[in-house]
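Protein chains in written order, with the UniProt record's numbering: chain F, 1 to 366; chain A, 1 to 366.
All C-beta atoms in this analysis are idealised placements derived from N, C-alpha and C, irrespective of residue type, glycine included.
There are 2 protein chains.
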Amino acid sequence: MMKRIFIELQERSYFVYIAHGILKDTKFRWKLKKGDVAVLITDIQVAPLYLKRICNTLNSFGVITDRLVLPVGEQSKSLSVLDQIFTKLLNKNYDRNIVLIALGGGVIGDLTGFAAATYHRGIRLIQVPTTLLAQVDASVGGKTGINHVLGKNMIGAFYQPVEVIIDLDCLFTLSMKEFSAGLAEVIKYAVAFDASFFNWLENNLDDLLKFHPQSLMYCVYRCCKLKASIVSLDEREIQIGKRSLLNLGHTYGHAIESYFSYTGWSHGEAISVGIVMAVNAALHLQKFLSTRDAMRIKLLLERAHLPVHGPQEMQSKDYLRYMARDKKSRLGKINLVLPVSIGRARVFLNIDQNVILNSIEYNLIK
Amino acid sequence: MMKRIFIELQERSYFVYIAHGILKDTKFRWKLKKGDVAVLITDIQVAPLYLKRICNTLNSFGVITDRLVLPVGEQSKSLSVLDQIFTKLLNKNYDRNIVLIALGGGVIGDLTGFAAATYHRGIRLIQVPTTLLAQVDASVGGKTGINHVLGKNMIGAFYQPVEVIIDLDCLFTLSMKEFSAGLAEVIKYAVAFDASFFNWLENNLDDLLKFHPQSLMYCVYRCCKLKASIVSLDEREIQIGKRSLLNLGHTYGHAIESYFSYTGWSHGEAISVGIVMAVNAALHLQKFLSTRDAMRIKLLLERAHLPVHGPQEMQSKDYLRYMARDKKSRLGKINLVLPVSIGRARVFLNIDQNVILNSIEYNLIK
Ligand SMILES: NC(=O)c1ccc[n+]([C@@H]2O[C@H](COP(=O)([O-])OP(=O)(O)OC[C@H]3O[C@@H](n4cnc5c(N)ncnc54)[C@H](O)[C@@H]3O)[C@@H](O)[C@H]2O)c1
Ligand SMILES: NC(=O)c1ccc[n+]([C@@H]2O[C@H](COP(=O)([O-])OP(=O)(O)OC[C@H]3O[C@@H](n4cnc5c(N)ncnc54)[C@H](O)[C@@H]3O)[C@@H](O)[C@H]2O)c1
Ligand SMILES: [Zn+2]
Ligand SMILES: [Zn+2]
Numbered sequence: 001m002m003k004r005i006f007i008e009l010q011e012r013s014y015f016v017y018i019a020h021g022i023l024k025d026t027k028f029r030w031k032l033k034k035g036d037v038a039v040l041i042t043d044i045q046v047a048p049l050y051l052k053r054i055c056n057t058l059n060s061f062g063v064i065t066d067r068l069v070l071p072v073g074e075q076s077k078s079l080s081v082l083d084q085i086f087t088k089l090l091n092k093n094y095d096r097n098i099v100l101i102a103l104g105g106g107v108i109g110d111l112t113g114f115a116a117a118t119y120h121r122g123i124r125l126i127q128v129p130t131t132l133l134a135q136v137d138a139s140v141g142g143k144t145g146i147n148h149v150l151g152k153n154m155i156g157a158f159y160q161p162v163e164v165i166i167d168l169d170c171l172f173t174l175s176m177k178e179f180s181a182g183l184a185e186v187i188k189y190a191v192a193f194d195a196s197f198f199n200w201l202e203n204n205l206d207d208l209l210k211f212h213p214q215s216l217m218y219c220v221y222r223c224c225k226l227k228a229s230i231v232s233l234d235e236r237e238i239q240i241g242k243r244s245l246l247n248l249g250h251t252y253g254h255a256i257e258s259y260f261s262y263t264g265w266s267h268g269e270a271i272s273v274g275i276v277m278a279v280n281a282a283l284h285l286q287k288f289l290s291t292r293d294a295m296r297i298k299l300l301l302e303r304a305h306l307p308v309h310g311p312q313e314m315q316s317k318d319y320l321r322y323m324a325r326d327k328k329s330r331l332g333k334i335n336l337v338l339p340v341s342i343g344r345a346r347v348f349l350n351i352d353q354n355v356i357l358n359s360i361e362y363n364l365i366k
Numbered sequence: 001m002m003k004r005i006f007i008e009l010q011e012r013s014y015f016v017y018i019a020h021g022i023l024k025d026t027k028f029r030w031k032l033k034k035g036d037v038a039v040l041i042t043d044i045q046v047a048p049l050y051l052k053r054i055c056n057t058l059n060s061f062g063v064i065t066d067r068l069v070l071p072v073g074e075q076s077k078s079l080s081v082l083d084q085i086f087t088k089l090l091n092k093n094y095d096r097n098i099v100l101i102a103l104g105g106g107v108i109g110d111l112t113g114f115a116a117a118t119y120h121r122g123i124r125l126i127q128v129p130t131t132l133l134a135q136v137d138a139s140v141g142g143k144t145g146i147n148h149v150l151g152k153n154m155i156g157a158f159y160q161p162v163e164v165i166i167d168l169d170c171l172f173t174l175s176m177k178e179f180s181a182g183l184a185e186v187i188k189y190a191v192a193f194d195a196s197f198f199n200w201l202e203n204n205l206d207d208l209l210k211f212h213p214q215s216l217m218y219c220v221y222r223c224c225k226l227k228a229s230i231v232s233l234d235e236r237e238i239q240i241g242k243r244s245l246l247n248l249g250h251t252y253g254h255a256i257e258s259y260f261s262y263t264g265w266s267h268g269e270a271i272s273v274g275i276v277m278a279v280n281a282a283l284h285l286q287k288f289l290s291t292r293d294a295m296r297i298k299l300l301l302e303r304a305h306l307p308v309h310g311p312q313e314m315q316s317k318d319y320l321r322y323m324a325r326d327k328k329s330r331l332g333k334i335n336l337v338l339p340v341s342i343g344r345a346r347v348f349l350n351i352d353q354n355v356i357l358n359s360i361e362y363n364l365i366k
């Protein structure tokens, strides 16, 4: 069974295809034609698992494939690795008619997406996300970019792929830790936008953790569907509106990631703690989130094997330092996305520093 | 007197304003409001001439200004200088609400434009071109980018400014050599698109070379108007169509620039030789350009103090090596824009290598 989601963005519209085994399906029609040159960009962990499979399939309908295998990890989202990609492409004399295929997690997706956005001022891009996080979030919506020593995702572009191919079979080789990291974003969607999906997660989390095929399909489909509707409303995140709500937990989370220079804590783990801190802030501000809903959120994260306490090394002031630098902040004032009930979130502007300190400190006590 | 041109690009539409003295005109309304933070990016040659003037004006209506002064020259269009800009902006904690102002020639315009396209995935950009070349060409149309060791303008983005402010007074401080370089692009427009403008140039070139104010206004206005209509038709240069015709002379020209690693020959000088070589190729292909028109083009370039012979160091095979790498080429086949009469040009696909060799060699004989 295959599912298809249309991302409506005028002349930049495209489809997301979701299926088990789609990468080895020689009957599935990619948006590529005979004679096209596709350069697969992936990392050393994903390459041995899926590179051959996808090349065989593409070659079987006459697509010429080339590849670039990069090191694993967030450090690859840098200007210097980006330059490596350009050097490879220019050495081969590739013109603007080639297609880049991002085969991997969010790191490969963001980096390859940005390379596609800027090589010859923009070439075609296909996202083939292989982590849960990338399947439900990073690969859809056109955010691409790299990090700077002074901040995460500070350099990038909004650049839409021509299609997104999601093979749910790829999830089977993920470590439990990586799978859980993806669940952090899944739970984020449910908390911010969709109460009935949150209920579904409460009832089906155990099946998901056992990689039950139908549950995986439903979960990934539902998240992509949510992302699709949000992205269509606000492609470039211009309004402080619905699209910003995707950042629930991220202002806190980025502080954790930055503190460890993106090496200690994974994005998903950091976001999980961030969601809990956002829940705390919502509780502190009162009149919004109920304690019961707060408990349900925290419990679901725990059941997904996600951390709900911040790293012991970090003090609340460490968070503040990084949070003031966040994209959603302005002139040192901190804005946050907070849940107001399960399935609903809002942007709160210029939040009192004490509320933020409390939301963090409350969480440091184990 | 001020002239205004509308660049029609749906939600990315903007105005180009052209006037003498517009940078010190405190009555002119910029697309900036009180409290906005504008970071001016310029080079060490332009800074002492115009930076104070423009800051005073902007400060007079409450805009907060900051500045970054970069080295002069094509070498600044690099990943490492781009990184310098990001570092400066991030060190100041600037968010996506700031505006970048590119104050300078095409180098500053292309580099600053690309920085604006990619900082926080895109911030506002105002182009303030100060060379003739940048006023008639580089600042309008949204092409931004940097060079790679392996090729010129290989990395970049299509990114439109929110406005372009052209102060014709800036041209008075240009060296004659730089002014002539701009005339190469002016003559390119006339040859490729506009026979009556070509006639006007034949009649008014001497006034232009004396910086006659009305002539400058007419010349810059006419070129921007031509560029505007072309850009509106094909924002991202997707078709091999009208917009590609802007590349008349550029495939040869880029070969010259690359050969000297962008340090020996200026863009305008290289393009001038490129136009003559394109004229030669058109003559060789026969049935198109008349010998008389060919002579008129060459003569006008010479009157503008532009070179019409290629550099002595370069042999025809040196050209070919770089030309095969050009954006308009595909799979080693060379495509060229050639004039078919004064005011009309066409793209010719997959040109015979001998025609190209002849068009170059014919030109090496002084
Ligand atoms: N663009 C967006 O909208 C967006 C959204 C969310 C996150 N992100 C970005 O995504 C990144 C995190 O992505 P991620 O969590 O996928 O990390 P990742 O890309 O680093 O992948 C995690 C690890 O899993 C490995 N891996 C990938 N697929 C595998 C598979 N099928 N089997 C076994 N191992 C596999 C990778 O090699 C890597 O070691 C961050 O940089 C974050 O900023 C982007
Ligand atoms: N984006 C586009 O569409 C486009 C089109 C054409 C050219 N370009 C690019 O433009 C660049 C060339 O631009 P350029 O010719 O303006 O070169 P440039 O920017 O290097 O400027 C030439 C010199 O003139 C100086 N200068 C600038 N304004 C001055 C003034 N008013 N008075 C005195 N000196 C002044 C500069 O400091 C520099 O030394 C190339 O990199 C080319 O690729 C881009
Ligand atoms: Zn995320
Ligand atoms: Zn040019």
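Within chain F, no C-beta atom comes nearer than 7 Å to that of residue 20(A); the closest sits roughly 33 Å away. Nearest CB-CB separation between residue 66(F) and chain A: not below the 7 Å threshold.
One alpha carbon belongs to residue 258(F), the other to residue 275(F), and they sit about 17 Å apart. Non-local beta-carbon contacts of residue 53(A) in its own chain, meaning distances under 8 Å to residues more than five positions away in sequence, involve 23, 24 in chain order. Under the three-pair Cβ rule at 8 Å, the segment 62-78 of chain F counts as touching the segment 253-271 of chain F. Residue 59(F): member of the alpha helix (DSSP H) spanning 52-60, first to last residue. Nearest C-alpha to residue 234(F) among 10(F), 1(F), 3(F): 10(F).
If you check the CB distance, residue 206(A) and residue 108(A) do not come in under 7 Å.
Only exposed fits residue 349(A), as fewer than 16 other CB atoms lie within 10 angstroms of its CB. At least one C-beta of chain A is nearer than 7 Å to the C-beta of residue 86(F). No heavy atom of ligand 1 is found nearer than 6 Å to the CB of residue 35(F). A Cβ-Cβ contact shorter than 7 Å links residue 225(A) with residue 5(A). The beta carbon of residue 102(F) sits no closer than 6 Å to any heavy atom of ligand 1.
With fewer than 16 other CB atoms across the displayed protein chains lying within 10 angstroms of its CB, residue 313(A) is exposed.
Within the DSSP bridge table, the entry for residue 143(A) names 158(A) as partners. Taking non-hydrogen atoms of ligand 2 into account, the C-beta of residue 291(A) is found less than 6 Å away from none of them. Separation of residue 152(F) and residue 169(F) (C-alpha to C-alpha, rounded to the nearest whole angstrom) is 30 Å. With three or more CB-CB distances shorter than 8 Å, the segment 342-359 of chain F counts as touching the segment 279-296 of chain F. In this chain, the alpha helix (DSSP H) harbouring residue 110(F) covers 106-118. Residues of chain A whose Cβ lies closer than 7 Å to the Cβ of residue 83(F) are, in chain order, 79.
Look at the segment 231-261 of chain A: the residues with a C-beta under 9 Å from a C-beta of chain F are 236, 237. In terms of Cβ geometry, residue 163(F) and residue 14(F) form a close pair [threshold 7 Å]. Across the structure, residue 40(F) and residue 171(A) are spaced so that their CA atoms are roughly 48 Å apart. Judged by beta-carbon spacing, residue 166(A) lies beyond the 7 Å limit of residue 114(A), meaning their Cβ atoms are not closer than that value. Between residue 325(F) and chain A, the shortest Cβ-Cβ separation is below 7 Å. Using a CB distance cut-off of 7 Å, residue 158(A) counts as an interface residue toward chain F. Residue pairing by DSSP places residue 82(A) opposite no residue, since no beta bridge is assigned to it. Here the C-alpha atom of residue 340(F) lies approximately 33 Å from the C-alpha atom of residue 92(A).
With a cutoff of 6 Å, residue 206(F) does not count as near ligand 2, since its C-beta is closer than that to no heavy atom of the ligand. Using beta-carbon distances, residue 112(A) does not count as an interface residue toward chain F, since no partner is under 7 Å.
Pairing residue 134(A) with residue 182(A), the inter-Cα distance amounts to about 8 Å. Distance between residue 250(F) and residue 270(F), taken at the CA atoms: about 8 Å. Residue burial annotation: residue 307(A) is buried, with at least 16 other C-beta atoms found within 10 angstroms of its C-beta. In the structure shown, residue 67(F) falls within a strand segment according to DSSP collapsed to helix, strand and coil.
Taking non-hydrogen atoms of ligand 2 into account, the C-beta of residue 106(A) is found less than 6 Å away from one of them.
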